[in-house]
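Protein chains: 2
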Amino acid sequence: MRSPVPLLDKITYYIVRRKGKQVRPMFVFLSAKLCGTISESSFIAASLVELLHTASLVHDDVVDDSYERRGIFSINALWKNKIAVLVGDFLFSRGMLLALENKQYQLLEIVSNAVKALSEGELLQIEKARRLDIKEDIYFEIIRQKTASLIASACSAGAASSTDDEKVIEKMRLFGEKIGIAFQIRDDLFDFGSEDVGKPLGIDIQEQKMTLPLIFALQQADRAERRKVFNIIKRHNKKPEKVKEVIDFVRNSGGLDYAREAMYRYRKEAFEILHTFSHSETRQSMEDLVTFVTERKR
Amino acid sequence: MRSPVPLLDKITYYIVRRKGKQVRPMFVFLSAKLCGTISESSFIAASLVELLHTASLVHDDVVDDSYERRGIFSINALWKNKIAVLVGDFLFSRGMLLALENKQYQLLEIVSNAVKALSEGELLQIEKARRLDIKEDIYFEIIRQKTASLIASACSAGAASSTDDEKVIEKMRLFGEKIGIAFQIRDDLFDFGSEDVGKPLGIDIQEQKMTLPLIFALQQADRAERRKVFNIIKRHNKKPEKVKEVIDFVRNSGGLDYAREAMYRYRKEAFEILHTFSHSETRQSMEDLVTFVTERKR
């Protein structure tokens, strides 16, 4: 990541210091080991996936106009939109070059498809957010593209680094996709205080993001109630007491239970795929990782 | 460019309708023909180079917070930062996939390097803009990276689509780099009204961008004058009459002549490279194209 541009060096140093849980590289390595032997290619895949994830977070800072990320000030707040876009572009191109220099063409195709799906998923979300009455199938389409695509690419890239069997690679992609969907539902649940995480609640409601617990609750509601909730989301989404009202509405309609069940269903499907591999320490580690990302408290 | 996301389809349709002069694809095709025969690969190279140029313009809309581009409202003004970042990312990944699907790996490496240089060049400019006393060599380094890199990649990608001779490909890269530098100096001259183009003047001064005419003029000035000009750029760069004062200062110091001479020097060096090819209709067309981009009135 070294660059002759000192400003860029400073920012990448700052990004590296503030790195997250790095679950995506873990998915790469465990997938690689599950399908064969960890190789030089697995390390390149792990680096590339984390790099693109980081680049997308940096761009997301522009996108969401958010001032905090991972508990500290975002690149955007510290250095403004201008720089965040450029640093994201730099990281993207750096990742591409890393793979090109190592002739990892299949890997490049896997992750380029993920980047494409990611931007399409976010744009679909923005488009649908204008109309609040989105249906479950659109919700699943959005999270499949914007979250699940990168975890799916981590798993299939890991597999591709240790096997040539296209069927196995596709199986791992599907496994990753299901985990990614479960992961995002878990994230969406946090917004309603499904766990006592001390995290501020109702951020998605403030940003008019329609998530599964809310979509389900609205489906159950009568017309008058639905109109009332839409009105809060459209016009009073910055008033904490109004947002609290929506959260209570979702909790009382069984929206959290419904979403939690959906999450477990996807996780179960993922485990079923995982169990087509024979028992091993690696398979157990993968199970533990999946349990971690779906049970995590923050 | 088709996408199942209607919002994205609408935006790409809008982008395609408002396409610019498309000089970069022309450089690709002329370079290809100069070094051999135009092939399927040349078309892919031309598409990819224009696609990345478009993606960088879309991201630039975020970057510069500019409200107009090519005479009409920018993506940013119409659809906001959020969307511009995502659309740019979509175009980048779409371009990468286009090349990957066609196994154009050398092309990918050429353009990925250009994208990397582009973001580094812009960041270097932002970094140096904080200190106004930048030197000529930094100016040339910035424009080499942020403008010349993409034109250099257009020429080398075109060459690589019709020959395997690495020396010829490198020669065309160098040719494109010199053209790109001349092209950017021409652009920087516009800001001082070197031609009567009816374009608003002093935009770069307002944005505290230090360009060659200004850098040269400041070099010639005495300490008092320099301090006065720095003061305007730092504190009064939004006042039209003050900006006019800087423009007059640059004009009276011979800054325009100096920059114009530098531009012609780079163009001459480019022509010298071009003349290592024997005379042909293609070589003449390339000369005409170079003359067009360096003599253009807007």
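Sequence order for the protein chains is A and B.
Just add 24 to wherever you are in the first sequence, counting from 1, and you've got my numbering.
Just add 24 to wherever you are in the second sequence, counting from 1, and you've got my numbering.
Glycine included, every Cβ here is placed at the ideal spot set by N, Cα and C.
Query, Result
"Tell me whether GLU92 of chain B sits in a helix, a strand or coil according to DSSP, three-state version.", "Model confidence at GLU92 of chain B stands at a pLDDT of 45, short of 50, so the residue's coordinates are unreliable; what they give is reported in the following sentence. Note: GLU92 of chain B maps to strand in three-state DSSP."
"Can you tell me the Cα-Cα spacing of ALA138 of chain A and ALA79 of chain A, whole angstroms?", "13 Å"
"At what residues does the alpha helix (DSSP H) containing LYS152 of chain A begin and finish?", "129-153"
"Would you please verify whether the beta carbon of SER117 of chain A is less than 8 Å from any beta carbon of chain B?", "yes"
"Taking 8 Å as the threshold (beta carbon to beta carbon), is ASP113 of chain B in contact with chain A?", "yes"
"Can you list the alpha helix (DSSP H) stretches of 4 or more residues lying completely in the segment 219-305 of chain B, in chain order?", "227-230, 236-244, 247-259, 264-276, 279-298"
"Please classify THR171 of chain B: is it buried, with 16 or more other beta-carbons within 10 angstroms of its beta-carbon, or exposed?", "buried"
"Please list the terminal residues of the continuous alpha helix (DSSP H) segment that includes GLN169 of chain A.", "It is not in any alpha helix (DSSP H) - GLN169 of chain A carries neither H nor E in the DSSP assignment."
"In the DSSP assignment, find the alpha helix (DSSP H) that holds THR36 of chain B and state where it starts and stops.", "30-41"
"Relative to the C-alpha of ALA56 of chain B, which candidate in B:SER180, B:ILE209, B:GLY279, B:ASP33 has its C-alpha closest?", "B:SER180"
"Going by beta carbon distance, what residues of the same chain come within less than 6 Å of LEU132 of chain B, once the five residues before and after it are set aside?", "ALA123"
"Suppose the cutoff is 6 Å on Cβ atoms and the five residues either side in sequence are ignored; what does the same chain contact list for GLN149 of chain A look like?", "ILE166"
"Relative to the C-alpha of TYR288 of chain B, which residue among B:PHE207, B:THR306, B:VAL73, B:LEU54 is closest?", "B:PHE207"
"Check the Cβ-Cβ distances between ASN105 of chain B and every residue of chain A, and say whether any is below 8 Å.", "yes"
"State buried or exposed for SER173 of chain A, treating a residue as buried only when at least 16 other CB atoms are found within 10 Å of its CB.", "buried"
"List the endpoints of the continuous alpha helix (DSSP H) containing LYS57 of chain B.", "47-59"
"Does the ligand ADP have even one heavy atom less than 7 Å from the beta-carbon of VAL29 of chain B?", "As for the ligand ADP, it is missing from this structure, which has no ligand bound."
"Taking buried to mean at least 16 other C-beta atoms within 10 Å of its own C-beta, is GLN130 of chain A buried or exposed?", "buried"
"Between the alpha carbons of ASN86 of chain B and GLU146 of chain B, how many angstroms are there, rounded?", "Just to set this straight, residue 86 of chain B is Val in the shown sequence, not Asn. Rounded to the nearest angstrom, the two C-alpha atoms are 13 Å apart."
"Hey, how far is the Cα of ALA241 of chain A from the Cα of ARG307 of chain A?", "37 Å"
"Ordered along the chain, which non-local residues of its own chain (more than five positions away) have a Cβ less than 8 Å from that of ARG94 of chain A?", "Because ARG94 of chain A carries a pLDDT of 46, less than 50, the predicted location of this residue cannot be relied on, and no value is offered for it."
"For a contact defined as C-beta to C-beta under 9 Å, what are the partners of LEU75 of chain A on chain B?", "Going along chain B, no residue has its Cβ under 9 Å from LEU75 of chain A, so there is no contact; the nearest lies around 13 Å."
"Got a sec: which bits of the segment 171-195 of chain B sit with their beta carbon under 7 Å from any beta carbon on chain A, in order along the chain?", "none"
"Should MET50 of chain A be flagged as near chain B, meaning a C-beta pair shorter than 8 Å?", "no"
"Does the beta carbon of VAL40 of chain A sit closer than 8 Å to a beta carbon anywhere in chain B?", "no"
"Is PHE216 of chain B helix, strand or coil by DSSP?", "coil"
"Name the chain B residues that come within less than 9 Å of LEU198 of chain A, Cβ to Cβ?", "Simply none; closest approach about 20 Å."
"Using a Cβ cut-off of 8 Å (strictly closer), state whether TYR343 of chain B contacts chain A.", "Residue 343 of chain B is absent from the model: chain B starts at 25 and stops at 322."
"DSSP three-state label for MET25 of chain B, please.", "coil"
"Does the contact criterion of 3 or more C-beta pairs under 8 Å hold for the segment 182-198 of chain A versus the segment 230-250 of chain A?", "no"
"Whose CA, out of A:ASP228, A:ILE239, A:CYS59, A:GLU74, lies closest to the CA of ASP188 of chain A?", "A:CYS59"
"Spatial neighbours of PHE295 of chain B within its chain, please: C-beta separation below 8 Å, excluding the five flanking residues on both sides.", "GLU311, VAL314"
"Would LYS202 of chain B be called buried (16 or more neighbouring beta carbons within 10 Å of its own) or exposed?", "buried"
"With 16 as the cutoff for other CB atoms within 10 Å, does ALA248 of chain A come out buried or exposed?", "exposed"
"Taking the alpha helix (DSSP H) that GLY182 of chain A belongs to, which residues open and close that run?", "173-184"
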